[in-house]
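One structure below.
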Amino acid sequence: MRNPIIGGNWKMNKGIPSEAAEMLKELIPLVKKIRYVDIVIAPPFTAISSVIQTVEKTNIMVGAQNMYYEEKGAFTGEVSAIFLKALGCKYVILGHSERRDIFNENDDLINKKLKKALNSDLIPIVCIGEHLEERETGKTKEIIENQFNRTFKDLKSKEISKTIIAYEPIWAIGTGKTATPEQAEEIHIFIRELIESSYGKITAEKVRIQYGGSIKSNNAKEIFEKENIDGGLVGGSSLQSKSFYEIIIAAEEAFEE
Ligand code: PEP
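Under our numbering, think of the first position of the sequence shown as 2, with each following residue one higher.
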């Protein structure tokens, strides 16, 4: 049984430590009784310390939104896995479409970051997904397969089992256009088949695959009810405690049913 994981990707929001702590102080009592859902908040780097202090001894875990694959040195503006571990981060988001499209990250770079994250005992949340024109021209599966092969290149079975994959159709991110549960499930099944063909059925059944793209309180449950969707990566709706809590509850209920 794969328990769901709900990640809150705050992007470049709530980077002021006091603002981040304020939201979490509202969220902590709301999620106290959550039993099955892994809850992860990924704030900007500047708020990570404050968030880690605020969520200490709660069921909320912390991730970063990015990292570089080198450990230290002349890489101005970058942050390494060692630094994140030292702060107390457990997770790191890699290859988000905003990193790929705005900052020109490609699959090879993400593959290096992924291997470093795994070697450093960080749990990677790796995003893959197609652009609108790729979907409209029937190329979704081809794009996903290419991203999968390059991004997860040379990963061992033990490593892919630890990795969380976020299927995020780029046309659904921040646009208010959610993939239908059927569209999302179709690609989640496809990703699981890709894992199975490289690593076998047992491993494929273990890997958690989240959906991301305009998840809201009113569409979360029907998405999470799909068998191959193991929670979600949430942007906009993770910024307010109430909407984020409602999405977490939807995942908890979908898992319990
Ligand atoms: C994201 O940033 O990963 C995301 C899915 O954003 P949103 O929920 O705002 O579409």
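Beta carbons: idealized from backbone N, C-alpha and C, even for Gly.
Asked	Found
What is the DSSP secondary structure of G237, counted as helix, strand or coil?	helix
Pick from Y37, S81 and K117: whose alpha carbon is nearest that of E258?	Y37
Measure the alpha-carbon distance for Y70 versus S81 and round it to whole angstroms.	6 Å
Look at I35 and N60 and say whether their C-beta atoms are less than 8 Å apart.	yes
Can you round the beta-carbon distance between L115 and V127 to whole angstroms, since I take them to be within the 8 Å contact cut?	6 Å
Near G130, what residues of its chain come up, given a Cβ to Cβ distance below 7 Å and the 5 sequence neighbours on each side ignored?	S98, Y168, E169, P170 and I171
Within 7 Å: the Cβ of S238 and any heavy atom of the ligand MG?	This structure lacks the ligand MG; its bound ligands are the ligand PEP.
DSSP three-state call for A180: helix, strand or coil?	coil
Specify whether the region 132-146 and the region 75-94 touch according to this definition: at least 3 beta carbon pairs, one from each stretch, less than 8 Å apart.	no
Report the residue from I165, K86 and K154 whose alpha carbon sits nearest the alpha carbon of M68.	K86
Bridge partners for Q211 per DSSP, in chain order?	A167
Would DSSP call M2 helix, strand or coil?	coil
According to DSSP, L95 sits in a beta bridge with which residue or residues?	V127
What residues are listed by DSSP as bridge partners for M62?	V41
What residue range does the alpha helix (DSSP H) around N120 cover?	D108 to N120
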